[in-house]
Ligand code: TEU
Ligand code: CA
C-alpha cells in the first residue's frame with residue numbers, strides 16, 4: 001500500500017455560514033475563519049474542507065454557484081480568501097475546496113444564455129428535453145429537494161433537468177466544452193495554491209442517453225441508475241485527472257452517493273488515476289418511511305457489517321473517508337451516541353475512538369470536536385434548509401402524512417441540525433456573532449462551547465486532539481489491517497488492527513447498559529493507548545455504558 005500524506009491526514013470540515021461571523025451581520029465569513037485558524041492548529045488537523053464560498057444566490061447555501069471565480073458577497077472578498085489561504089499555509093494547514101460541478105446556479109451566465117433559445121451556443125451546456133406534453137415532464141424523476149427533477153421553461157417550451165433544486169440545473173458533461181470550462185476553472189484555483197477538491201455528487205455527472213421513468217420512491221421515480229455512476233463518469237474523471245489533478249500535489253475526495261465497494265476501487269483505486277478517496281453514505285443512508293425521512297436507528301450489527309465491508313474490501317486497493325456526520329447529516333452524538341446530559345461526553349468520545357481507529361481519512365465536522373448536538377426545533381418556521389422546508393410541504397402540507405408522524409423524522413434528520421452556529425463561548429449567541437444569527441444558536445451553548453472545552457483537559461475537544469496526535473505517532477492506525485470481532489453483538493463494536501507483530505484492540509460500547517467482555521489472550525499485558533474512562537484491562541471485564549478503550553500490543 002502506498003504511503004501518502006492524505007492517507008495520514010485528518011480533515012476538518014468548515015461550513016462557513018455557521019463557523020464564525022467577523023463583521024456582525026449574523027453570517028459566518030472568511031475573516032471569521034482566519035480568526036479561528038489558531039484554534040484548528042491547536043486541535044491538530046491537517047486539512048480544511050471548505051464548503052462552497054463562491055458567488056451564489058444561496059438557494060442551497062452556496063451549492064448553487066453563479067460565478068466559480070468570485071467570492072460570495074456575505075463571505076467577503078478574494079483578498080480575504082487569499083489572506084485566509086496564506087494564514088492557513090503558515091500554520092501548516094491545507095485547504096481543500098468544495099467543487100460543485102454537477103450543476104450550477106440558474107443565475108450562472110452559462111445558464112442565463114442556455115435558456116434563451118434552442119440555438120444559443122450555450123444550449124448544450126445543460127440538459128434540455130421535450131416534455132410528454134405541455135403539462136407533463138419528460139419522465140417521472142423526482143428531485144432530491146422534492147418535486148419533479150424537470151422544470152418547464154417558458155421561453156423555449158422545453159424542460160431542463162435539475163437533480164437538486166430548480167435553481168440548480170444539471171450541467172451536460174457529455175459536452176466537451178463543459179468539461180473544458182470546468183477543468184480550466186479547477187486549474188485556475190490550483191494555480192492560486194489551494195490544496196485539493198472535495199467533489200460534490202461527482203458520481204452523478206454522467207447521465208444515460210435514454211431517460212426512462214424510474215422506480216417509484218415516494219411521490220416520484222428515482223433517477224438512479226440513469227444519473228448515478230453513469231456510463232462515462234470514469235472516463236471524465238480520468239480526463240480530469242490527466243488534464244488537472246495529476247499536475248499538482250493535491251488531495252481529491254469524491255462525494256459519491258450510491259457507490260459500492262466495487263465501484264470505489266475504480267473511483268479511488270491505488271492505480272486508477274481518478275480520485276484519491278471516496279466519501280460514501282452506506283452507513284448513514286437508512287431507507288426511510290417517507291423517502292429519506294425516518295426516525296429509525298440502524299441496528300449496531302448492520303452498522304458494523306457496513307463499516308467492516310468497506311474496511312476489508314478496500315484494503316490495499318482503494319481509499320475511503322471516515323465520518324459520522326457533515327453539513328447534510330444530523331449531529332453524530334445525537335444520532336449514533338446519546339446526547340442526554342449523562343452520556344453525551346462519554347458517547348461523543350466513544351464515537352470518535354471508533355471512527356479514528358479505522359482505516360481511511362477521518363473527517364471532523366465543525367462542532368463535532370465539542371460534542372455539539374442536534375437542535376430542539378419547535379416549529380417548521382425554525383428551518384432554513386431548502387430540503388427540510390420542501391419536504392415538510394411535500395409530505396405534511398399536502399396532507400399525505402400528519403404533522404405528528406412526520407415531525408420526529410424531521411427532528412432526527414434535518415440538515416439544519418448540523419448547521420446551527422459553532423458554539424465558541426458562554427456569551428450571547430455563543431460568541432458566533434454580535435448580531436442575530438441567520439439560524440438559531442443551540443441553547444445548550446452555555447455548557448457546550450470551545451472556550452470551556454479547550455480549558456478542560458477531560459473535554460471532548462482534548463480527546464479529539466489526542467486521537468489526532470496518536471494517528472501521527474502510530475502508522476498502524478493508518479495502515480494496519482482491520483478485523484471485526486463479536487460480529488453479532490448489538491452492544492459492542494470491537495475490532496483489531498494488525499501491522500506485522502504490532503496489534504491494536506478497539507472496544508466501543510454503543511449502549512447505556514454495562515456489558516461483559518473478555519479481553520483476548522493475545523492482548524494480555526497490552527498497554528492502553530487511549531480510553532474515555534478509568535479501567536483495568538485483564539481477563540473478563542465489565543464495559544461501562546459508552547465506554548471506549550484501545551489496547552496496544554507492540
Ligand atoms: O449532497 C448530495 C447528496 O449526497 C445528497 O443526497 C445530500 O445528502 C442531500 O443532503 C440529501 O439529503 C451535496 C451537498 O453536500 C449538499 O449540501 C447539496 O445540497 C447537494 O450536494 C447539492 O449540491
Ligand atoms: Ca459576517
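In this note's numbering, the protein residues as written are 1 to 554.
Each residue gets a CB set at the ideal place from its N, CA and C atoms; glycine is no exception.
Near residue i, what residues of its chain come up, given a Cβ to Cβ distance below 8 Å and the 5 sequence neighbours on each side ignored?
{"i": "residue 221", "result": "139, 140, 141, 142, 213, 214 and 215"}
{"i": "residue 294", "result": "286, 287, 288, 409, 412 and 413"}
{"i": "residue 469", "result": "44"}
{"i": "residue 301", "result": "487, 488, 489 and 490"}
{"i": "residue 130", "result": "138, 158 and 159"}
{"i": "residue 71", "result": "30, 53, 54, 55, 77, 78, 80 and 81"}
{"i": "residue 14", "result": "33, 48, 49, 50, 51 and 366"}
Given 7 Å as the limit, tell me if residue i has its C-beta closer than that to any heavy atom belonging to ligand 2.
{"i": "residue 27", "result": "yes"}
{"i": "residue 74", "result": "yes"}
{"i": "residue 21", "result": "yes"}
Spatial neighbours of residue i within its chain, please: C-beta separation below 7 Å, excluding the five flanking residues on both sides.
{"i": "residue 189", "result": "97"}
{"i": "residue 303", "result": "283"}
{"i": "residue 594", "result": "With the chain covering 1 to 554 only, the question about residue 594 has no answer from this structure."}
{"i": "residue 116", "result": "155"}
{"i": "residue 552", "result": "504, 526, 527 and 529"}
{"i": "residue 233", "result": "203, 205 and 206"}
CA-CA distance, residue i and residue j?
{"i": "residue 350", "j": "residue 362", "result": "15 Å"}
{"i": "residue 316", "j": "residue 500", "result": "15 Å"}
{"i": "residue 518", "j": "residue 492", "result": "12 Å"}
{"i": "residue 38", "j": "residue 164", "result": "36 Å"}
{"i": "residue 347", "j": "residue 54", "result": "36 Å"}
{"i": "residue 264", "j": "residue 257", "result": "11 Å"}
{"i": "residue 273", "j": "residue 261", "result": "17 Å"}
{"i": "residue 476", "j": "residue 525", "result": "19 Å"}
{"i": "residue 615", "j": "residue 337", "result": "The chain is shown from 1 up to 554; residue 615 falls before or after that span and cannot be answered."}
{"i": "residue 430", "j": "residue 498", "result": "43 Å"}
{"i": "residue 145", "j": "residue 473", "result": "44 Å"}
{"i": "residue 176", "j": "residue 207", "result": "14 Å"}
{"i": "residue 395", "j": "residue 237", "result": "37 Å"}
{"i": "residue 467", "j": "residue 9", "result": "12 Å"}
Assign residue i to one of three DSSP states: helix, strand, or coil.
{"i": "residue 454", "result": "helix"}
{"i": "residue 277", "result": "strand"}
{"i": "residue 538", "result": "coil"}
{"i": "residue 183", "result": "helix"}
{"i": "residue 97", "result": "strand"}
{"i": "residue 527", "result": "strand"}
{"i": "residue 313", "result": "helix"}
{"i": "residue 544", "result": "coil"}
{"i": "residue 213", "result": "coil"}
{"i": "residue 190", "result": "helix"}
{"i": "residue 14", "result": "strand"}
{"i": "residue 566", "result": "For residue 566 there is no data in the structure shown, the boundaries of the chain being 1 and 554."}
{"i": "residue 228", "result": "coil"}
{"i": "residue 148", "result": "strand"}
{"i": "residue 431", "result": "helix"}
{"i": "residue 521", "result": "helix"}
{"i": "residue 108", "result": "coil"}
Can you determine whether any heavy atom of ligand 1 sits closer than 7 Å to the C-beta of residue i, and answer yes or no?
{"i": "residue 144", "result": "yes"}
{"i": "residue 327", "result": "yes"}
{"i": "residue 375", "result": "no"}
{"i": "residue 412", "result": "no"}
{"i": "residue 243", "result": "no"}
{"i": "residue 335", "result": "no"}
{"i": "residue 279", "result": "no"}
{"i": "residue 415", "result": "yes"}
{"i": "residue 394", "result": "no"}
{"i": "residue 257", "result": "yes"}
{"i": "residue 63", "result": "yes"}
{"i": "residue 368", "result": "no"}
{"i": "residue 292", "result": "yes"}
{"i": "residue 96", "result": "no"}
{"i": "residue 555", "result": "The structure shown does not extend to residue 555, since the chain is modelled only from 1 through 554, so no value can be given for it."}
{"i": "residue 201", "result": "yes"}
{"i": "residue 432", "result": "no"}
{"i": "residue 60", "result": "yes"}
{"i": "residue 100", "result": "yes"}
Quick one: what's got a C-beta closer than 6 Å to residue i's C-beta in the same chain, skipping five residues either side?
{"i": "residue 547", "result": "509 and 533"}
{"i": "residue 36", "result": "20"}
{"i": "residue 364", "result": "12"}
{"i": "residue 323", "result": "363"}
Every unbroken alpha helix (DSSP H) inside the stretch 30 to 87 [4 residues or more]
Runs found: 30 to 35 and 37 to 43.
Secondary structure, beta strand (DSSP E): runs of 3+ residues fully inside the stretch 434 to 487:
As far as the stretch 434 to 487 is concerned, its whole beta strand (DSSP E) runs of at least 3 residues are 481 to 485.
Within the stretch 261 to 305, note down every full beta strand (DSSP E) run reaching 3 residues or more, in order along the chain.
Qualifying beta strand (DSSP E) stretches, in chain order: 277 to 279.
Whole runs of the beta strand (DSSP E) within the stretch 344 to 416, excluding any shorter than 3 residues:
Within the stretch 344 to 416, the complete beta strand (DSSP E) segments of 3 residues or longer fall at 361 to 365, listed in chain order.
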